[in-house]
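Chemist: Numbering (my numbering), first residue to last: 262 to 406.
Before anything else, here's the structure in question.
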Amino acid sequence: MRRRTLIRGIIRVALVAALLGGAWYWNAVDREVITMRATIVAADEAQTEINPTDTMLDFGLLPEGAEVTRFVQVENTGRTDVLVTLRAQGDIAAYTVITPNQLMLAPDARERVNVLVQALAPNGATNNAATTNGTLVIMYYPKLW
Numbered sequence: 262m263r264r265r266t267l268i269r270g271i272i273r274v275a276l277v278a279a280l281l282g283g284a285w286y287w288n289a290v291d292r293e294v295i296t297m298r299a300t301i302v303a304a305d306e307a308q309t310e311i312n313p314t315d316t317m318l319d320f321g322l323l324p325e326g327a328e329v330t331r332f333v334q335v336e337n338t339g340r341t342d343v344l345v346t347l348r349a350q351g352d353i354a355a356y357t358v359i360t361p362n363q364l365m366l367a368p369d370a371r372e373r374v375n376v377l378v379q380a381l382a383p384n385g386a387t388n389n390a391a392t393t394n395g396t397l398v399i400m401y402y403p404k405l406w
């Protein structure tokens, strides 16, 4: 009987510690959001045009079938290793390939990540421009294991 009570107590303490530790963990997560945009047009309508900007990833005017790569630099400015995950959201996500989309960074480390947009037919339409918008979400999780 005492053994069961002891085991239950240990389990309760472990659960409380996990919950409190989890609360610290989620508050320590860093998030960065970058706006992305691309306009896809029929292959014979335009040449590839890239609009560089410091505030967003603008892939510009892309003829069908074209691919454009932009780069994002992620860095760890903390004192512990971080797991970095990257994903595209919104309409542009269907056209986006991110490599690598998950990586581990040591303290003071930097890594360049490729963000590729493939200009596919805009919803099956022909001779119509389709502007795709979305965001690149970068999450930094501290390594706790």
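Think of the CB as a built atom: it goes at the ideal place given N, C-alpha and C, for glycine as much as any other residue.
None of the values given here were measured: they were computed from a predicted structure.
Between residue 324 and residue 302, what straight-line distance do the alpha-carbon atoms span, to the nearest angstrom?
Modeler: Roughly 5 Å separates the two Cα atoms.
Chemist: Where do the ends of the beta strand (DSSP E) carrying residue 339 lie?
Modeler: First-last for residue 339: undefined, no H or E at that position.
Chemist: Report yes if the CB atom of residue 320 is closer than 8 Å to the CB atom of residue 373, and no otherwise.
Modeler: No, the Cβ-Cβ distance between residue 320 and residue 373 is not below 8 Å.
Chemist: Is residue 396 helix, strand or coil when you go by DSSP?
Modeler: Three-state DSSP puts residue 396 in a strand.
Chemist: Answer yes or no: do residue 369 and residue 394 have a C-beta to C-beta separation smaller than 8 Å?
Modeler: In this structure, residue 394 does not lie closer than 8 Å to residue 369 by Cβ.
Chemist: Buried or exposed: which applies to residue 273, given that a residue is buried once 16 or more other Cβ atoms fall within 10 Å of its Cβ?
Modeler: Residue 273 comes out exposed.
Chemist: Whole angstroms are fine: how far does the CA of residue 405 sit from the CA of residue 347?
Modeler: Using only the alpha carbons, I get a separation of about 19 Å.
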